[in-house]
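Colleague: This structure is in structure tokens; I'll ask about it shortly.
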Amino acid sequence: MHFISGWRRSAAVITAIRSLSVKRLLCSVGSEDDTIFALSSGQGRCGVAVVRVSGPASAHAVRSLTRGFPAARVASLRSITHPQTRELLDRGLVLWFPGPGSFTGEDSAEFHIHGGPAVISGVLQALGSLPGLRPAEAGEFTRRAFCAGKLDLTEVEGLGDLIHAETEAQRRQALRQMAGDLGRIYQDWRVRLKRCLAHVEAFIDFSEDELIEDGILNDVDTAVRQLQTDMENHLSDQRRGERLRSGVQVVIAGSTNAGKSSLLNMLTQRPAAIVSATAGTTRDVVEVPLDIGGYPVLLSDTAGLRDTTDSVEQEGVRRARQRVEQADLSLVVVDLTQLPSEPQLVPVFLSEHLKNILEPSSHRQQCILILNKSDLSSAEHNRSIQASLACSADVPDACFLSCHTRDGLEDLLTLVQNRLKTLCGDPLIGSPTLTQNRHRTLLQKSVEALHQYHQYRDVDLVLAAEGLRLGLSSLGRITGRVGPEEILDTIFKEFCIGK
Amino acid sequence: MLVRRLRFPKRLSTCSTASDIHTQHYDVIVVGGGHAGTEAVAAASRVGAKTLLITQKIQTIGALSCNPSLGGVGKGHLVKEIDALDGVMGQAGDWAGIHFSILNRSKGPAVWGPRTQLDRQRYKDFIQSELLSTHNVTILEGSVQDLLMTTADPEKPGRHKVYGIRLAHGGGEIHSRSVVLTTGTFLSGTLFIGQNTSPGGRMADPPSCAGLSHTLKEVLGLKVGRLRTGTPPRIIKDTIDFSLTRIHLPDPSPTPFSFMNTHTHCKPEEQLPCYLTYTTPGVERVVKESNQHNSHIQQDTKGPRYCPSIESKVLRFPGRQHQVWLEPEGLTSDLMYPQGLSMTMPPEKQICLIKEIPGLQRAKISTPGYGVQYDFVCPTQLFPWLQVKSTQGLFLAGQINGTTGYEEAAAQGLWAGVNAGRTSLSKPPVSLSRTQSYIGVLIDDLIGRGVTEPYRMFTSRAEFRTALRPDNADLRLTLRGFEEFGCVSEQRYNEALRVQVSLNDALSALKSIHLSASRWKYKLGDVNISETKSSILNGVDMLQYKEVSFQMLASAFPELSGLYLEFSERLKAEAIYSPHCEKQRKEIERIQAEESLYLPEDIDYLTLPVSLSQEVREILDSIRPSTLGAAARLSGITPAAIVHLFNYVHRNKHRNRSKTVGVS
Chain P
226 MHFISGWRRS AAVITAIRSL SVKRLLCSVG SEDDTIFALS SGQGRCGVAV
276 VRVSGPASAH AVRSLTRGFP AARVASLRSI THPQTRELLD RGLVLWFPGP
326 GSFTGEDSAE FHIHGGPAVI SGVLQALGSL PGLRPAEAGE FTRRAFCAGK
376 LDLTEVEGLG DLIHAETEAQ RRQALRQMAG DLGRIYQDWR VRLKRCLAHV
426 EAFIDFSEDE LIEDGILNDV DTAVRQLQTD MENHLSDQRR GERLRSGVQV
476 VIAGSTNAGK SSLLNMLTQR PAAIVSATAG TTRDVVEVPL DIGGYPVLLS
526 DTAGLRDTTD SVEQEGVRRA RQRVEQADLS LVVVDLTQLP SEPQLVPVFL
576 SEHLKNILEP SSHRQQCILI LNKSDLSSAE HNRSIQASLA CSADVPDACF
626 LSCHTRDGLE DLLTLVQNRL KTLCGDPLIG SPTLTQNRHR TLLQKSVEAL
676 HQYHQYRDVD LVLAAEGLRL GLSSLGRITG RVGPEEILDT IFKEFCIGK
Chain S
-8 MLVRRLRFPK RLSTCSTASD IHTQHYDVIV VGGGHAGTEA VAAASRVGAK
42 TLLITQKIQT IGALSCNPSL GGVGKGHLVK EIDALDGVMG QAGDWAGIHF
92 SILNRSKGPA VWGPRTQLDR QRYKDFIQSE LLSTHNVTIL EGSVQDLLMT
142 TADPEKPGRH KVYGIRLAHG GGEIHSRSVV LTTGTFLSGT LFIGQNTSPG
192 GRMADPPSCA GLSHTLKEVL GLKVGRLRTG TPPRIIKDTI DFSLTRIHLP
242 DPSPTPFSFM NTHTHCKPEE QLPCYLTYTT PGVERVVKES NQHNSHIQQD
292 TKGPRYCPSI ESKVLRFPGR QHQVWLEPEG LTSDLMYPQG LSMTMPPEKQ
342 ICLIKEIPGL QRAKISTPGY GVQYDFVCPT QLFPWLQVKS TQGLFLAGQI
392 NGTTGYEEAA AQGLWAGVNA GRTSLSKPPV SLSRTQSYIG VLIDDLIGRG
442 VTEPYRMFTS RAEFRTALRP DNADLRLTLR GFEEFGCVSE QRYNEALRVQ
492 VSLNDALSAL KSIHLSASRW KYKLGDVNIS ETKSSILNGV DMLQYKEVSF
542 QMLASAFPEL SGLYLEFSER LKAEAIYSPH CEKQRKEIER IQAEESLYLP
592 EDIDYLTLPV SLSQEVREIL DSIRPSTLGA AARLSGITPA AIVHLFNYVH
642 RNKHRNRSKT VGVS
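Top to bottom, those sequences are chains P and S. So for the first sequence, my numbering puts the first residue at 226; every next one is plus one. So for the second sequence, my numbering puts the first residue at -8; every next one is plus one.
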């Protein structure tokens, strides 16, 4: 076995690792042997969507979804079918880029398909059903390109920001999905699986010295089986899952009486912002699907944020904060007349105010500051505030607006449209099917790992436990990581471990 | 083979008195003669450093302050690793053990827990004779008043530098390049029994000087916390009615800890049994009655959750029956140690309590149980080589770093000793990865996360549990110990090489046997190979089956027999786990790559000109991880932050290279 000689060669390996450390670091976040896929075009009004595949199983993916393998680097029109159900998903262009002469240096392929959500989702699900394929992690295509020497370090400088943006987008997207019933289901599984692992770990680490009932492993067997059944049922039921809200989520937030609702009304009445439907009022958060400059937007107006003792209003404020946290873009409305009279004090005041309104995790670039009621203060005063803001690095893009006179509305819409353009260029934003797809794959992996538990249960308990660890880490990528400390906490809560 | 005799020098020539010692200069001074201190002294001398051990009482060197046992699940892993690095503990256990057993036999060799009950006197004798006969080691009985400090070497990280110690009671100064503090529970230690408290770290020993504690806190500005622990009363053996308890026999054939031993000192038939009994509702009643007279239990200092006093157990889990193990204290000792009955209530109540336990109704206590509270230095202030980040030349190991247990202390002592020795000889420090050893897991957890309760090793803490096995500790550590760390003797190294070659040969031989499933069935008899398997299986594949042993294969294939039979258990373990280890290899490589990238010590995270959130900056600033790998494992650190840090470090690589140390 190489494992033994592996230790022997450690010195040589270490040297090799060092010289490769740059690459390894960035390259092996996921397994390099995996083949990854992702939607790589933006959403919005796009007629064509591009799904990219990269990795050793790319050729297999092309063969599984189409007939007649395309020539290298030639766009070929093909029918795209689901490999298992044989259902026709779309007709589109398929491109084959054999490695190393591809963007990532690996064998890769592109499917240019119609841009409808059903088609995209169908193709992604078809790819996810193939062995060895999984949805790409944040920044993974770029990482692989870097590993293959297709990018230099200066280009990778931006990688951190890219990964940040993508993980943030995924996080927000996941938050939205997790807020509903689905979230409760996932959390329940996490707790159950964590408990199973804790019981097995307790049995491994303590049963020889402590009073841990013999039946505990049988209980775990039953619990794991039940969990598998629940997860498998859920996976086969996925298509009839929750309604997913799509579009860039834009939220209007701010203190009470800043003019939030006026802004919403104004935006929904403008010809540039066409109200496509009127959604139900969710008691406190008003949601309006809009089309701004061709980009799908879900605009929501929230309760004014203030400390209150009124319990109904408290709940409104809590939901408002939750909505802000989930949003792709926040429009923070501030009453100009409430600002400090000294213009040089305004930036500090505003940055404190923003901290209060946006959760600490939210980022500046996801926010536009709207200084409302500009008609109530003098043009000269506004100019000096503007000058003061221009010198401050702590305050995001700001624009003056009067909901009363409509002054500044065009500027605001331009600003919003530019942001939407960037946001929609990122294929992860506002596309719940992608998150859903990622979750699906992770759940599938988790279920497979639970099979490993049963497979090894009577052979070797350590390997069986590895199955639970693996299952929990896959599930943890949806619900948050579970570390060894959390397992130990669970153990000590349930068992009296004491020699 | 354990053939040697204890080498007690006729005269304690290596023990010096303060008067003839203080003009001398040492490479390393180790303060404290417990499990951390003794391993530190031995390790420092093995890497070639001239080493001085200062202890309050030479008599208590190697004393087992609490339980008379060694090893277990997780802890046994540590003992095997200490032995693989040529430490003392494993061999001492083989010499002093009187009840050997391998825990978890039914659970897979990755979590087997070699364990033994110890004869206290034999253990101490072995450790003392080992140190007294070690070349390069001097032992001094005395008390340390303070550290000697000077200005830091500007070429290295740190604000202070240690150059020796000052002895208490006008004992003068002794100079050294490195100092290892292993003060155990003696740092501002307070003893508790009932409502009485007194200064001290262990009953019957004088408290240590307040000066050291003051210097660590006030001069070096180290963050300290407070922890507590306790020990049970000792019971007179003749007063126990063993007929009311359940006898627990050792393994009929004792397995030694040390890779260098084939036998234990104690003969199989000389081994002593342990006894198991249980608490009763009466115990709960006594605890509740005595609660108001128990100041230790009323304080909210953090105690361990997994080795709690009987008081905490009863209060946290009322209405349950708790196990009490009665363990022998030695071959000739007239005492028994009641494992599970650690308590701090007044002595008269302790007697009431034990009388409620079957078998102990007429038992007499020789010394009552008591509690200790002590200061520990928050271990996030240490480098992976256990040096205090702010102070050049100062190393900490053992309970002072917030751990509990002999094995945890010894593991750190060994590692601090290796590095104190190396730095005193101007060699670069070395660290161990958590991907390769439990010692690495221990140190990485301590310095990366800090502690909130006394830290004990469990196998559940190791991500790569199937690779970090007790059976392969020599292959993981002995070879590197000789080649890279310089703490392993040539004799041990050659033995490890022999083992490695033999194992590889045996695995090759196994792999070269290819048969179809039906042929295997024919050869091995009633092995349950699934009928659907039509493919060809090799010998290693077969060894993965639960009912197949290497002996079975060896009797079916003569070419396997003879040479490799001594490794049959190891081959089986290798076969079972190798596919899984292979799957984890990539993850291991990634972690090692991250760990090989050192973050410069002088980084100011709060103003670092890269895109990091304030939250991330504050976490990095407070923990100050040594490597990118350590940073990546901190909670709250995002993948993006790691990429940014990586870019920053990489850009500045040429500048940092001089400060980077050669570690893996």
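From the three backbone atoms N, C-alpha and C, an ideal C-beta is built for every residue, glycine too.
Is DSSP giving Gly81(S) helix, strand or coil here?
Modeller: The sequence position of residue 81(S) within the second sequence is 90, counting from 1. Gly81(S) falls in the helix class under three-state DSSP.
Colleague: Provide the residue(s) that pair with His505(S) in DSSP beta bridges, ordered along the chain.
Modeller: The residue given as residue 505(S) occupies position 514 in the second sequence. BP columns for His505(S) point to Asn529(S).
Colleague: Which ranges would you report for the beta strand (DSSP E) in the region 326 to 360 of chain P if only whole runs of at least 3 residues count?
Modeller: 333 to 339 and 358 to 360
Colleague: Between Leu693(P) and chain S, is any beta-carbon pair separated by less than 8 angstroms?
Modeller: Counted from its first residue, the first sequence places residue 693(P) at position 468. With 8 angstroms as the cut-off, Leu693(P) does not count as an interface residue toward chain S.
Colleague: Rounded to the nearest angstrom, how far is the Cβ of Asp242(S) from that of Ile348(S), given a contact under 8 angstroms?
Modeller: Indexing the second sequence from 1 puts residue 242(S) at position 251. Indexing the second sequence from 1 puts residue 348(S) at position 357. Not really, about 27 angstroms apart at Cβ, beyond 8 angstroms.
Colleague: Smallest Cα separation from Gly516(S): which of Lys41(S), Ala411(S), Ala547(S) and Gly175(S)?
Modeller: Along the second sequence, one-based indexing puts residue 516(S) at 525. Ranking Lys41(S), Ala411(S), Ala547(S) and Gly175(S) by Cα distance to Gly516(S) puts Ala547(S) first.
Colleague: Exposed or buried, Leu601(P), counting other C-beta atoms within 10 Å across all chains shown (16 or more means buried)?
Modeller: Within the first sequence, residue 601(P) is the residue found at index 376, counting from 1. Leu601(P) should be labelled exposed.
Colleague: Going along chain S in order, which residues have a C-beta closer than 7 angstroms to the C-beta of Glu426(P)?
Modeller: The residue you call residue 426(P) lines up with position 201 of the first sequence. Within chain S, the residues near Glu426(P) are Ser451.
Colleague: Provide the residue span of the beta strand (DSSP E) that contains Val153(S), from first to last.
Modeller: If you number the second sequence from 1, residue 153(S) lands on position 162. Its beta strand (DSSP E) spans residues His151 to Leu158.
Colleague: What's the gap between the Cα of Pro329(S) and the Cα of Leu423(S)?
Modeller: On the second sequence, position 338 is the one that residue 329(S) refers to. On the second sequence, position 432 is the one that residue 423(S) refers to. So the alpha carbons of these two residues sit roughly 36 angstroms apart.
Colleague: For Gly133(S), count the other beta carbons within 10 Å of its own beta carbon; 16 or more makes it buried, fewer makes it exposed. Which is it?
Modeller: Counting from one through the second sequence, the residue named residue 133(S) turns up at place 142. With 16 or more Cβ atoms within 10 Å of its Cβ, Gly133(S) is classed as buried.
Colleague: What's the C-alpha gap between Lys258(S) and Gln108(S)?
Modeller: Stepping through the second sequence from its first residue, residue 258(S) is reached at position 267. Stepping through the second sequence from its first residue, residue 108(S) is reached at position 117. Taking the straight line joining both Cα atoms gives about 14 angstroms.
Colleague: Taking only beta-carbon atoms, is Leu713(P) less than 8 angstroms away from chain S?
Modeller: Within the first sequence, residue 713(P) is the residue found at index 488, counting from 1. Yes, Leu713(P) counts as interfacial toward chain S.
Colleague: Measuring alpha carbon to alpha carbon, tell me which residue in Ala500(S), Leu501(S), Lys502(S) and Asn519(S) is nearest Asn509(S).
Modeller: Residue 509(S) sits at position 518 when you count from the first residue of the second sequence. For the record, residue 509(S) in the displayed sequence is Ser; it is not Asn. When each option's Cα is compared against that of Ser509(S), the closest is Asn519(S).
Colleague: Taking 8 angstroms as the CB-CB limit, is Ile429(P) close to chain S?
Modeller: The sequence position of residue 429(P) within the first sequence is 204, counting from 1. Output row for Ile429(P): interface = yes.
Colleague: On the DSSP bridge assignment, give the partners of Phe367(S) in chain order.
Modeller: Mapped onto the second sequence, residue 367(S) falls at position 376. Looking at the DSSP assignment, Phe367(S) forms a beta bridge with Gly216(S).
Colleague: Taking one C-beta from the region 342 to 360 of chain S and one from the region 19 to 35 of chain S each time, how about it: are there three or more such pairs within less than 8 angstroms?
Modeller: no
Colleague: State yes or no: is the beta carbon of Leu648(P) nearer than 8 angstroms to at least one beta carbon in chain S?
Modeller: Within the first sequence, residue 648(P) is the residue found at index 423, counting from 1. Output row for Leu648(P): interface = no.
Colleague: Which same chain residues, not among the five before or five after His16(S), have their C-beta less than 6 angstroms away from its C-beta?
Modeller: For the purposes of this step, residue 16(S) is taken as residue 25 along the second sequence, with counting starting at 1. Taken in chain order, the residues that qualify are His166.
Colleague: Using only alpha-carbon positions, find the residue among Leu693(P), Gly330(P), Pro323(P) and Leu488(P) that is nearest to Thr630(P).
Modeller: Translated into the one-based positions of the first sequence, residue 630(P) becomes position 405. The shortest C-alpha separation from Thr630(P) is found at Leu488(P).
Colleague: Can you give me the C-alpha to C-alpha distance between Arg514(S) and Leu528(S), rounded to a whole angstrom?
Modeller: Within the second sequence, numbered from 1, the residue matching residue 514(S) stands at position 523. Within the second sequence, numbered from 1, the residue matching residue 528(S) stands at position 537. Just to set this straight, residue 514(S) is Lys in the shown sequence, not Arg. Computed Cα separation, rounded: 13 angstroms.
Colleague: For Glu606(S), does the three-state DSSP call read helix, strand or coil?
Modeller: Here the question's residue 606(S) lines up with position 615 in the second sequence. The answer is helix: DSSP assigns Glu606(S) an H, G or I state.
Colleague: In the structure shown, what three-state DSSP assignment does His629(P) receive?
Modeller: Looking up residue 629(P) in the first sequence gives position 404. In this structure, His629(P) counts as coil in the three-state DSSP scheme.
Colleague: Chain S partners of Leu302(P), CB-CB under 8 angstroms?
Modeller: Counting from 1 along the first sequence, the entry for residue 302(P) is found at position 77. In chain order: nothing, as chain S lies at least about 38 angstroms away.
Colleague: Show which residues of chain S have a CB atom less than 7 angstroms away from the CB atom of Asp685(P).
Modeller: Looking up residue 685(P) in the first sequence gives position 460. Within chain S, Gly99 and Ile567 have C-beta atoms less than 7 angstroms from the C-beta of Asp685(P), given in sequence order.
Colleague: Between which two residues does the beta strand (DSSP E) containing Tyr17(S) stretch?
Modeller: As a working mapping, residue 17(S) is identified with position 26 in the second sequence. Looking at the DSSP string, the run of the beta strand (DSSP E) that includes Tyr17(S) is His16 to Val22.
Colleague: Whose C-alpha, out of Glu673(P), Tyr681(P), Pro709(P) and Leu713(P), is nearest the C-alpha of Ser699(P)?
Modeller: For the purposes of this step, residue 699(P) is taken as residue 474 along the first sequence, with counting starting at 1. Of the candidates Glu673(P), Tyr681(P), Pro709(P) and Leu713(P), the one whose C-alpha sits nearest the C-alpha of Ser699(P) is Glu673(P).
Colleague: For Leu660(S), does the three-state DSSP call read helix, strand or coil?
Modeller: Any property of residue 660(S) remains undetermined from this structure, which presents chain S solely from -8 to 655.
Colleague: Check whether the Cβ of Phe308(S) lies closer than 8 angstroms to any Cβ atom in chain P.
Modeller: In the second sequence, counting from the first residue as 1, residue 308(S) sits at position 317. Yes, Phe308(S) lies at the interface with chain P (some Cβ there is under 8 angstroms from its Cβ).
Colleague: Once DSSP output is grouped into helix, strand and coil, what is the label at Pro323(P)?
Modeller: Counting from one through the first sequence, the residue named residue 323(P) turns up at place 98. Looking at Pro323(P) - three-state DSSP - the assignment turns out to be coil, as it is neither helix nor strand.
Colleague: Hey, could you find the ends of the alpha helix (DSSP H) Asn581(P) is sitting in?
Modeller: Translated into positions along the first sequence, residue 581(P) becomes position 356. Note, Asn581(P): alpha helix (DSSP H), Val571 to Ile582.
Colleague: Could you give the residue range of the beta strand (DSSP E) that holds Glu585(S)?
Modeller: Translated into positions along the second sequence, residue 585(S) becomes position 594. Where Glu585(S) is concerned, there is no enclosing beta strand (DSSP E), although the alpha helix (DSSP H) it sits in stretches over Ser559 to Glu586.
Colleague: Below 7 angstroms CB to CB, which residues in the same chain sit around Phe717(P) once its five sequence neighbours on both sides are set aside?
Modeller: As a first step, residue 717(P) must be located in the first sequence, where it is residue number 492. Hits under 7 angstroms: none found.
Colleague: Does the Cβ of Asn410(S) have 16 or more other Cβ atoms within 10 Å, making it buried, or fewer, making it exposed?
Modeller: If you number the second sequence from 1, residue 410(S) lands on position 419. Buried, by the Cβ-count rule.
Colleague: In the region 440 to 467 of chain S, which residues sit with their C-beta less than 7 angstroms from some C-beta in chain P, listed in chain order?
Modeller: Of all residues in the region 440 to 467 of chain S, Phe449, Thr450, Ser451, Arg452, Arg456, Thr457, Leu466 and Arg467 have a Cβ within less than 7 angstroms of some Cβ in chain P.
Colleague: Can you give me the Cβ contacts of Ala241(P) inside the same chain, cut-off strictly under 7 angstroms, excluding the 5 residues immediately before and after it?
Modeller: The residue you call residue 241(P) lines up with position 16 of the first sequence. Here Ala241(P) scores only 35 on pLDDT, less than 50, and its place in the model is too uncertain to base an answer on.
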